[in-house]
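J.: If you read the protein sequences in the order shown, they are chains A and B.
According to the numbering used here, the first sequence holds residues 13 to 302 in order.
According to the numbering used here, the second sequence holds residues 115 to 450 in order.
Backbone N, C-alpha and C define an ideal beta-carbon position, used for all residues, glycine too.
Before anything else, here's the structure in question.
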Amino acid sequence: MNFDFTTTTFDNRRHSADELAVIAKEIRQDIIKMLAIAKSGHSGGPLSSADIFAVLYFNGCMNYDSQNPAMPGRDRFILSAGHMCPVQYAALANAGFFPKEELATLRQYNTRLQGHPARDMGLPGIETSSGSLGQGISVAVGMAMSDKLLDKNNACVFALTGDGELQEGSVWEAAMAASNFGLDNFCWIIDNNDCQIDGRLRDVMNVYPIVDKCVSFGFDVVECNGHNFDELAAAFDAFKKNHAGNSGKPTAIIANTKMGRGVSFMEDSYKWHGMPPNSEQAVQALKDLA
Amino acid sequence: MQKLTLNGSKPTRFGFGEGLVTLGERYDNVVVLGGDITGSVMTSLFKEKFPDRFFSIGIAEQNATTIAAGLALSGKIPFFASYGAFCALRNADQLRISVCYNEANVKIGGGHAGISVGPDGATHQVLEEVAFLRTLPHMTMLVPCDYTETLKATIAMGEKNGPAYVRFGRSPVPLFTTADTPFEIGKAQVFREGNDVAIVACGAMVWEAMLAAEELAKRGIQARVINSPSIKPFDVQTITDAARECGAIVTAEEHQIHGGLGAATAEVVAKNAPAPIEFVGVKDSFGGSGEPEELMRLFGLTWKEIYASALKAMERRDKGSSGYRQVRDVEQYIGA
Ligand SMILES: [Mg+2]
């Protein structure tokens, strides 16, 4: 089985929807290879959010320098749903933060690609450790406060949570604070794939309606098809406009997605939330994605 | 050695609040997060002086702790203070992951420590947080003994990079250290020389240990009193020396006897210089309403229990390991 990684990388500039589709495909293939090699890890969420990451990292949306990851005044991305890290690792590698061959070390002893993001391992582009749900979004709010209220710079902070993660009460403490402090430099992305490990959200603990909740917490809410590149790009543009116009309101992008997107036997199945494909399944998945 | 004498009493929380103001004057990047009880934990002093660097987070300790981590990862030195029950235990996972695993430069001030809180009762009298905090990798954990030492501890933790926690109380407690008394993170200080028995104490129990030593001296027993404000990092050398040179140890803390200063001491003594240890603290129970001094007496947190425990520890030492079953209960030594 050949699960070698390509050496392809992509620039962070405006891309067409077709170009973004190519990038998202590469990210998804990397995710499948990583999980198949590691024989461990989460498939569902990384695949559902791959299109979001393609737009976030490769459409001129976020101001970063992969060769200078600690660049002062940079925009930051926080993966609050830490278990989805294969997609962030793949995005960072495709953006040139580290060599793509390192993706093969996912979940191995002493790897920089820990099972959940680990800041102390020093992987470029990882801003905080996460994995205990509900914390990353608060960390991101703290960073956005630092940028807007203390350093008074132009930097933005993006945080992605899952939808099951919304069951953690501290998520709403963070949302309350983002609104309270008028953090128009803060963008909350919700990967709404309506799946968590035990089942559909309604069957585990209903968090809907998400849009109404975010509106009532003081966010400007953009709901979009999380697999439509034009809609995703427009959603991030709306956030940038809010920020540039000093709207005084944080933005929430609710991206409606399908778990396991792009792989026939995984799509919309919560059973694939926390499972890796075996070798044969990975070969099939790569065929689906090709 | 400096002679320590009583100089009235003052709540340790005043030292924390004033320490924050000093740090605010010295460092532009010191910021403070409030949790709605800012007057009680004295962060109000910083708020008045530096309103642009104070942020009210409301009654949301998990969020305040993780926001602090975000501020720290952006180069700020954030302090968050509340009651220890809420800023050490309710936010335990946030401290573990976003603060300690991140090695984020977050500082926590935990007030209302111990039963000397008084009338508020058990919910607000935190007696368990030292046990948790000292198990967290990268955490610095301080329990200063009086107002002056709390002031020094607050400034010292602000100037040391990395996660840190300082424990302080609500009610006035004896003030007896001075600006000249040494304080260093990671170090214990011998407050009274002696080789017959060692008393290792932290917080308000240090003064009680001094009183117990006075009483022991009347019987010709010279107790070494060790103030150990730095629970983590712990002063292994000073404790090991005390165990070797005295051979009998008493620990005293306003905390559960499990997992705190007594446990830290026992870990060091068992490994380096086995010796009998007696533990003065709250014995696996919750606190309750009452006046601070009344509660300290009723829960057995006065010089008398330290005194009796010292006699018991020495008797265990002198009778050897075969004699420990024959020694009396601590209570029987009181008034002996
Ligand atoms: Mg989900």
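1. Give a yes or no on whether 9 Å exceeds the smallest Cβ distance from residue 25 (chain A) to chain B.
2. Who are the neighbours of residue 31 (chain A) on chain B, taking C-beta pairs under 9 Å?
3. Could you give the DSSP three-state label for residue 361 (chain B): helix, strand or coil?
4. Threshold first: 4 residues or longer. Then list the alpha helix (DSSP H) segments lying entirely within the segment 333-361 of chain B, N to C.
5. Taking 8 Å as the limit between beta carbons, can you name the residues of its chain near residue 87 (chain A), skipping five residues before and five after?
6. Count the other CB atoms within 10 Å of the CB of residue 256 (chain A); is the residue buried (16 or more) or exposed (fewer)?
7. Report back the beta-carbon spacing between residue 257 (chain B) and residue 317 (chain B) to the nearest angstrom; my notes put them in contact at under 8 Å.
8. So is residue 430 (chain B) buried or exposed if we call it buried at 16+ other beta carbons inside 10 Å?
9. Return the residue from the list A:39, A:64 and A:109 that minimises the CA-CA distance to residue 80 (chain A).
10. With a cut-off of 9 Å, does the C-beta of residue 183 (chain B) fall near any C-beta of chain A?
11. Tell me whether the segment 281-297 of chain A and the segment 218-230 of chain A touch, counting them as touching only if at least three CB pairs, one residue from each stretch, are closer than 8 Å.
12. Take the Cβ of residue 400 (chain B) as the centre, count every other Cβ of all protein chains shown within 10 Å, and call the residue buried at 16 or more, exposed below.
13. Determine whether the beta carbon atoms of residue 415 (chain B) and residue 290 (chain B) lie at a separation below 9 Å.
14. If we ignore side chains and look at the alpha-carbon of each, how far apart do residue 246 (chain B) and residue 15 (chain A) end up?
15. I want to see whether chain B comes within less than 9 Å of residue 119 (chain A), judged by CB atoms only; does it?
16. Relative to the C-alpha of residue 344 (chain B), which candidate in B:281, B:294 and B:359 has its C-alpha closest?
17. Check whether chain B comes within 9 Å of residue 192 (chain A), counting only Cβ atoms and requiring the distance to be less than that.
18. Express the C-alpha separation of residue 32 (chain A) and residue 26 (chain A) in angstroms, rounding to a whole number.
19. Between which two residues does the beta strand (DSSP E) containing residue 199 (chain A) stretch?
20. Is any non-hydrogen atom of ligand 1 found closer than 8 Å to the C-beta of residue 32 (chain A), if you look at the structure I gave you?
21. Does the beta carbon of residue 163 (chain A) come closer than 9 Å to any beta carbon on chain B?
22. Does residue 160 (chain B) get closer than 9 Å to chain A when you measure Cβ to Cβ?
23. Taking Cβ-Cβ distances shorter than 7 Å, what residues in chain A pair up with residue 216 (chain B)?
24. I'd like to know whether the C-beta of residue 185 (chain A) is nearer than 9 Å to at least one C-beta of chain B.
T.: On the basis of the coordinates in this document:
1. Taking the first residue of the first sequence as 1, we reach residue 25 (chain A) at position 13. With respect to chain B, the C-beta atom of residue 25 (chain A) has no partner C-beta closer than 9 Å.
2. For the purposes of this step, residue 31 (chain A) is identified with residue 19 of the first sequence, where counting begins at 1. Near residue 31 (chain A) there are no residues of chain B at all, since even the closest Cβ is about 33 Å away, more than 9 Å.
3. For this step, residue 361 (chain B) is matched to residue 247 along the second sequence. Residue state, collapsed to three classes: coil.
4. Uninterrupted alpha helix (DSSP H) stretches at least 4 residues long and entirely within the segment 333-361 of chain B occur at 350-360, given in chain order.
5. By one-based count along the first sequence, residue 87 (chain A) stands at place 75. So the qualifying residues of the chain are 74, 75, 76, 167, 168, 169 and 170.
6. Translated into the one-based positions of the first sequence, residue 256 (chain A) becomes position 244. Around the beta carbon of residue 256 (chain A), fewer than 16 other beta carbons sit within 10 angstroms, so the residue counts as exposed.
7. Here residue 257 (chain B) refers to the residue found at position 143 when the second sequence is read from its first residue. Here residue 317 (chain B) refers to the residue found at position 203 when the second sequence is read from its first residue. The Cβ separation is near 5 Å, so the contact holds.
8. For the purposes of this step, residue 430 (chain B) is taken as residue 316 along the second sequence, with counting starting at 1. Residue environment for residue 430 (chain B): buried (at least 16 other C-beta atoms within 10 angstroms of its C-beta).
9. Reading the first sequence from its first residue, position 68 is the one you call residue 80 (chain A). Put simply, of A:39, A:64 and A:109 the residue whose alpha carbon is nearest the alpha carbon of residue 80 (chain A) is A:109.
10. Here residue 183 (chain B) refers to the residue found at position 69 when the second sequence is read from its first residue. Yes - at least one Cβ of chain A is within 9 Å of the one on residue 183 (chain B).
11. Counting C-beta pairs closer than 8 Å gives fewer than three between the segment 281-297 of chain A and the segment 218-230 of chain A, which falls short of the contact rule.
12. Here residue 400 (chain B) corresponds to residue number 286 of the second sequence, with the count starting at 1. Around the beta carbon of residue 400 (chain B), fewer than 16 other beta carbons sit within 10 angstroms, so the residue counts as exposed.
13. Looking up residue 415 (chain B) in the second sequence gives position 301. Looking up residue 290 (chain B) in the second sequence gives position 176. No; because the gap between Cβ atoms is not below 9 Å, this pair is not in contact.
14. Here residue 246 (chain B) refers to the residue found at position 132 when the second sequence is read from its first residue. Here residue 15 (chain A) refers to the residue found at position 3 when the first sequence is read from its first residue. Distance between the alpha carbons of residue 246 (chain B) and residue 15 (chain A): 44 Å.
15. Your numbering for residue 119 (chain A) matches position 107 in the first sequence. Answer no: the Cβ-Cβ gap between residue 119 (chain A) and chain B never drops below 9 Å.
16. By 1-based counting over the second sequence, the position of residue 344 (chain B) is 230. Scanning B:281, B:294 and B:359 for the CA closest to the CA of residue 344 (chain B) turns up B:281.
17. The sequence position of residue 192 (chain A) within the first sequence is 180, counting from 1. Residue 192 (chain A) counts as touching chain B.
18. The count along the first sequence starts at 1 and reaches residue 26 (chain A) at position 14. The count along the first sequence starts at 1 and reaches residue 32 (chain A) at position 20. If I take the Cα positions, the gap works out to 9 Å.
19. As a working note, residue 199 (chain A) is residue 187 in the first sequence. Following the DSSP letters along the chain, one finds residue 199 (chain A) inside the beta strand (DSSP E) bounded by residues 198-204.
20. As a first step, residue 32 (chain A) is located in the first sequence; it is residue number 20 there, counting from the start. No - ligand 1 has no heavy atom lying nearer than 8 Å to the Cβ of residue 32 (chain A).
21. Here residue 163 (chain A) corresponds to residue number 151 of the first sequence, with the count starting at 1. Judged by the 9 Å Cβ criterion, residue 163 (chain A) is in contact with chain B.
22. On the second sequence, residue 160 (chain B) is found 46 positions in, with the first residue counted as 1. It does not: the Cβ of residue 160 (chain B) has no partner Cβ on chain A nearer than 9 Å.
23. Your numbering for residue 216 (chain B) matches position 102 in the second sequence. Contact of residue 216 (chain B) with chain A by beta-carbon distance below 7 Å involves 131, 140 and 141.
24. Counting from one through the first sequence, the residue named residue 185 (chain A) turns up at place 173. Flagged as an interface residue toward chain B: residue 185 (chain A), by a C-beta distance shorter than 9 Å.
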